[in-house]
Every structure is written in structure tokens, then in C-alpha cells.
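What follows is one structure encoded as C-alpha cells, with my remarks underneath.
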Amino acid sequence: MPPLKYLQAYPEHLQQQVRQLIAQGRLGDYLAQRYPGQHAVQSDKALYAYVSELKQRFLRSAPAVDKVLFDNRLDLTHRALGLHTAVSRVQGGKLKAKKEIRIAALFRQAPPEFLRVIVVHELAHLREADHNKAFYQLCEHMQPGYHPLEFDLRVYLTALSVGFAT
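Residue numbers (full-length UniProt numbering): 1 to 166.
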């Protein structure tokens, strides 16, 4: 079986459990049982409102987010699930930076927990640029139980990459 590229940083015993579910053809069922729902955030406007509400609740003093959208160009092959960018433009005599968050379009059909993990991750980058201890503490503050959800999100991506519909 090929390596589980989304789970490579995790202990071998966890990877082995996922391999066993794949071999038994039960990975999709496992995920569907743990995460049965699908979120209602289907438009870019609804996504902007969702992100803005989380930002207002947890990161009031962070820079404003000017644009939020589902991006069809982000996919599993680029290993980018979401992007945060600062687009700099000259307006008059001033340089203005606009913050953007782009979420991979595949998350339109994802369980709500996975959308939230991606949004929390991208919002945390407004305060912490690097994936360091402070970054993950902020993620955990915004989403208690962030780490197990991130693992399950990686299992979800693995399921999509091996062809299991969830």
C-alpha cells in the first residue's frame, strides 16, 4: 500500500489503523458515522459571514479580512486546503494590504467540523504566521479539540485520495 501522504507525521500505529480501514473498505463508513452532517455554508457570501463571526468572537484585534471565498483552484494535488494572503495595492499615495482567505472548494460538501478546522487554521495565521506552539494554542483556543479534528480531517483527505466517498 502506498504511503498515507496526509498522515505521514503521525505515529505508525495510527497510520496502520487507517490502512486497515482502507483494506476492509470501511474508511468511508467510519467517517460517515463519526461526521454524519454537511454544513450549510454553500456560497462565498455565507462563508464570509461564517469567517467574520469566528474572527469577531476570537480575534477582534486582528487585521480585518477583506475577502473570503471558496476557491476551485485549491485542491488535494497542491496540498493546499486553505490560503491566507495579503494582497498589496497602491491606492493614491498609500500602500494598502488586503487580507484574503481562500478555502478549497471541496469543503463545500464536507462535514461542518472540517470546515471549521480549516477556517480556524487560516484565521490563526492572522496572528501567527508560522506553525509554532503559539499558533496551535490559538487554534485550540478557537476550536477545543482542534488536534483530533485535524487528524480526522487528514483521514477524510486520505479517504478522498483513495476513492472513498464520504
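Don't be surprised by glycine CBs; every beta carbon is placed ideally from N, CA and C.
Name the one or two DSSP bridge partners that residue i has.
i    : result
V51  : For V51, which the question treats as bridged, DSSP gives no partner whatsoever.
A104 : D71
L95  : V90
Give me, in chain order, the residues of the same chain whose beta-carbon lies closer than 6 Å to that of residue i; leave out the 5 immediate sequence neighbours on both sides.
i    : result
F58  : M142
A9   : none
Y50  : V41
H78  : Residue placement at H78 is flagged as unreliable, the pLDDT there being 49, under the threshold of 50; the coordinate-derived value follows with that caveat. Hits under 6 Å: none found.
Y146 : C139, E140
L21  : L27, Y30
L149 : E113, V117
Y6   : R154, L157, T158
Where do the ends of the alpha helix (DSSP H) carrying residue i lie?
i           : result
residue 238 : With the chain covering only 1 through 166, there is no way to say anything about residue 238.
E128        : Here E128 belongs to no alpha helix (DSSP H), and DSSP marks it neither H nor E.
A62         : From DSSP, A62 is part of no alpha helix (DSSP H); its letter is neither H nor E.
Y146        : 146 to 161
Q137        : 133 to 142
A23         : 12 to 24
Spatial neighbours of residue i within its chain, please: CB distance less than 8 Å, with the 5 preceding and 5 following residues excluded, ordered by chain position.
i           : result
L4          : Q15, V18, R19, T158
Q109        : Q38
D152        : L31, R34, Y35, E113, F114
D71         : L83, R102, I103, A104, A105
residue 168 : Because the chain here runs from 1 to 166, residue 168 falls outside it and cannot be looked at.
Here's the rule I'm using: 16 or more other beta-carbon atoms within 10 Å means buried, otherwise exposed. How should residue i be labelled?
i    : result
Q55  : Here the sequence assigns Lys to residue 55, which means Gln is not the residue at that position. Buried.
H121 : buried
R73  : exposed
V90  : exposed
L95  : exposed
Leaving out the 5 sequence neighbours to the left and right, which residues in its chain are closer than 7 Å to residue i when beta-carbon positions are compared?
i           : result
residue 178 : With the chain running from 1 to 166 in the structure shown, residue 178 is simply not present.
A134        : E128
L69         : D44, L47, R102
G93         : none
P63         : K99, L126
- Message: Tell me whether the stretch 49 to 67 and the stretch 116 to 128 touch, counting them as touching only if at least three CB pairs, one residue from each stretch, are closer than 8 Å.
- Response: Below 8 Å, enough C-beta pairs join the stretch 49 to 67 and the stretch 116 to 128 to call them touching: three or more.
- Query: Would the stretch 101 to 118 and the stretch 37 to 52 be scored as touching if the rule is three or more Cβ pairs under 8 Å?
  - Reply: Flag = yes, the stretch 101 to 118 and the stretch 37 to 52 touch.
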